[in-house]
Amino acid sequence: MSKVIDIEGRIKLEQKKKAKVDRAKKMEAVRKVVQCTRCLARCAKCGVQFETHEMYKRQKGPYRFCPFCQEEYEDLLLIKKGEESPFYWHNQEWVALWQTWIDYQQAMKTYGESQEFIDLVREVEWDR
-8 MSKVIDIEGR
2 IKLEQKKKAK
12 VDRAKKMEAV
22 RKVVQCTRCL
32 ARCAKCGVQF
42 ETHEMYKRQK
52 GPYRFCPFCQ
62 EEYEDLLLIK
72 KGEESPFYWH
82 NQEWVALWQT
92 WIDYQQAMKT
102 YGESQEFIDL
112 VREVEWDR
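Take our numbering: the last position of the sequence shown gets the number 119, and nothing is skipped along the way.
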């Protein structure tokens, strides 16, 4: 009889382990969306890290870009207005690439503002 396994204790332990893994996954999801995609220390497009004095500089437009990406973005806006770019690589595929990136940014913003994501953030905060 001394070798009887406490099955209820094992089940509870497994449930606790699973809950811990689930919470870690939720925290990682929140961290990636909130922290990584909206990082003030990096260029929104290429990810290059800003110098400390550049981090708080006001930016033109809805995104925080390094000087190179800001110039490319401004070129994109001119092309969308119907102007021609002096750069040969600013072709239809380049415009499509930028547009896809902008669509992705909008999708991330929409997801971050969705009720389900807000609920996830609250759930993660309350579990602390």
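Quick reminder that beta carbons are idealized off the backbone N, C-alpha and C, glycines included.
Cβ distance (whole Å) where Y54 is taken to contact Q96 below 8 angstroms: Residue numbering aside, residue 54 sits at position 63 when the sequence shown is read from its first letter. Residue numbering aside, residue 96 sits at position 105 when the sequence shown is read from its first letter. With a Cβ gap of about 7 angstroms, Y54 and Q96 count as contacting.
Where the alpha helix (DSSP H) through C30 begins and ends: Stepping through the sequence shown from its first residue, residue 30 is reached at position 39. For C30, there is no enclosing alpha helix (DSSP H), as DSSP gives it neither H nor E.
Straight-line Cα distance separating M99 from Y79: Translated into the one-based positions of the sequence shown, residue 79 becomes position 88. Translated into the one-based positions of the sequence shown, residue 99 becomes position 108. When the Cα atoms are used, Y79 and M99 turn out to be separated by approximately 31 angstroms.
Other residues of its chain near Y64: CB distance less than 8 angstroms, five sequence neighbours each side excluded: Looking up residue 64 in the sequence shown gives position 73. Excluding positions up to five away in sequence, the list reads K36, G52, Y54, F56 and W89.
Exposed unless 16 or more other CB atoms sit within 10 angstroms - verdict on L67: Within the sequence shown, the letter at position 76 stands for residue 67. L67 should be labelled buried.
Where Q137 sits in the DSSP three-state scheme: Given that the chain is displayed from residue -8 to residue 119, the structure contains no residue 137 and the question cannot be resolved.
R22 to K9 span [Cα, whole Å]: Locating residue 22 in the sequence shown gives position 31, where the first residue counts as 1. Locating residue 9 in the sequence shown gives position 18, where the first residue counts as 1. Spanning the two alpha carbons is a distance of roughly 20 angstroms.
Nearest-angstrom Cα separation, counted from R1 out to C60: As a working note, residue 60 is residue 69 in the sequence shown. As a working note, residue 1 is residue 10 in the sequence shown. Distance between the alpha carbons of C60 and R1 is about 55 angstroms.
E74 versus T91 - alpha carbon distance: Along the sequence shown, one-based indexing puts residue 74 at 83. Along the sequence shown, one-based indexing puts residue 91 at 100. Going from the Cα of E74 to the Cα of T91 covers about 20 angstroms.
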